[in-house]
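Residue numbers (my numbering), protein chains in the order written: chain A, 8 to 116; chain B, 209 to 321. Just so you know, even glycine gets a beta-carbon here, dropped at the ideal spot from N, CA and C. First up is the structure itself, then whatever we jot down about it.
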Amino acid sequence: RKEVEQDPGPFNVPEGATVAFNCTYSNSASQSFFWYRQDCRKEPKLLMSVYSSGNEDGRFTAQLNRASQYISLLIRDSKLSDSATYLCVVDNYGQNFVFGPGTRLSVLP
Amino acid sequence: DGGITQSPKYLFRKEGQNVTLSCEQNLNHDAMYWYRQDPGQGLRLIYYSQIVNDFQKGDIAEGYSVSREKKESFPLTVTSAQKNPTAFYLCATKWRGATDTQYFGPGTRLTVL
Numbered sequence: 008r009k010e011v012e013q014d015p016g017p018f019n020v021p022e023g024a025t026v027a028f029n030c031t032y033s034n035s036a037s038q039s040f041f042w043y044r045q046d047c048r049k050e051p052k053l054l055m056s057v058y059s060s061g062n063e064d065g066r067f068t069a070q071l072n073r074a075s076q077y078i079s080l081l082i083r084d085s086k087l088s089d090s091a092t093y094l095c096v097v098d099n100y101g102q103n104f105v106f107g108p109g110t111r112l113s114v115l116p
Numbered sequence: 209d210g211g212i213t214q215s216p217k218y219l220f221r222k223e224g225q226n227v228t229l230s231c232e233q234n235l236n237h238d239a240m241y242w243y244r245q246d247p248g249q250g251l252r253l254i255y256y257s258q259i260v261n262d263f264q265k266g267d268i269a270e271g272y273s274v275s276r277e278k279k280e281s282f283p284l285t286v287t288s289a290q291k292n293p294t295a296f297y298l299c300a301t302k303w304r305g306a307t308d309t310q311y312f313g314p315g316t317r318l319t320v321l
């Protein structure tokens, strides 16, 4: 089993749609969880950290389910500018991070 | 300006040559990381360093070497032993705390001719 798994997509959604991504991880000792966004041929940029209680930042909501070892990202009212690859990231015993392969999102006009 | 710089942005190398990629940061972060990304793939960890003069191998260290003589700098050498070096190389930094986030430099695209 891979350490961090994501559906690679692509998810093609119309503007204004709501879309959700899931990510599963294998290390039950992981303590930190993040979603990064990566545009084509650019470096990843932090979108949001994921907390046990769930957290929201504008149109973006992240949830963590420790019992089932999965993380979710919900994007409401999708914009064309949301088109990117979304990377799920999990810490590895606090030493380094493990990146998922990413989920590609295309928001269509 | 605060941040992470990587140079050069594009690099071409002949097969059999060693090449060194630069990563410099003025964020005063303790930890630094090197990743490799192949087209359509996720990031894979090459090496990381939590403090000066100390570094650990990541998942794909073979054919690469690093040094951490200064807190601000973590250069990566791609040696001729690396069989398939063409890729996008990303440097990242963070504070040493376990829950702190990583920040990335703009990356170097290496092409072996």
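Residues in its own chain within less than 6 angstroms of Pro51/A by CB, not counting five upstream and five downstream?
Tyr43, Gln45, Leu94
Looking at the C-beta of Phe67/A, does it have a partner C-beta in chain B at a distance below 8 angstroms?
no
Using the C-alpha atoms, what's the distance from Ser60/A back to Lys49/A?
31 angstroms
Roughly how many angstroms separate the alpha carbons of Ser56/A and Ser275/B, rounded to a whole number?
30 angstroms
Close Cβ partners of Tyr272/B (< 8 angstroms) along its chain, the five nearest in sequence each way excluded
Trp242, Ile254, Tyr255, Leu284, Thr285, Val286, Thr287, Gln290
Considering just the uninterrupted stretch of the beta strand (DSSP E) at Pro21/A, what are its terminal residues?
18-21
Quick one: does Gln225/B have its CB under 8 angstroms from some CB of chain A?
no
Can you tell me where the beta strand (DSSP E) with Val260/B in it begins and where it stops?
Val260/B -> no beta strand (DSSP E), and no H or E assigned at all.
Can you tell me where the beta strand (DSSP E) with Phe282/B in it begins and where it stops?
Where Phe282/B is concerned, there is no enclosing beta strand (DSSP E), given that its DSSP letter is neither H nor E.
His237/B and Lys278/B closer than 8 angstroms at C-beta:
no
Near Asn261/B, what residues of its chain come up, given a Cβ to Cβ distance below 8 angstroms and the 5 sequence neighbours on each side ignored?
Arg276, Glu277
Residue of Ala24/A, Tyr100/A, Ser33/A, Val20/A minimising C-alpha distance to Gln76/A
Ser33/A
Could you confirm whether any beta carbon from chain B is found closer than 8 angstroms to the beta carbon of Glu50/A?
yes
What is the rounded straight-line gap between the Cα of Leu87/A and the Cα of Asp14/A?
21 angstroms
Let me check understanding here. Comparing Cα to Cα, which of Glu22/A, Phe28/A, Asn19/A lies closest to Gly107/A?
Phe28/A
Quick one, which residues of the stretch 234-265 of chain B are near chain A if we go by CB-CB under 7 angstroms, in chain order?
Tyr241, Gln249, Gly250, Leu251, Leu253, Tyr256
As a quick exercise: from Phe41/A, Ala69/A, Val96/A, Asp98/A, pick the residue whose alpha carbon is nearest that of Val26/A.
Ala69/A
Pick helix, strand or coil for Leu235/B, following the three-state DSSP scheme.
coil
Which chain C residues sit within Cβ distance under 7 angstroms of Pro108/A?
The chain inventory of the structure shown lacks chain C, comprising the protein chains A and B.
Does chain B have any CB closer than 8 angstroms to the CB of Gln76/A?
no
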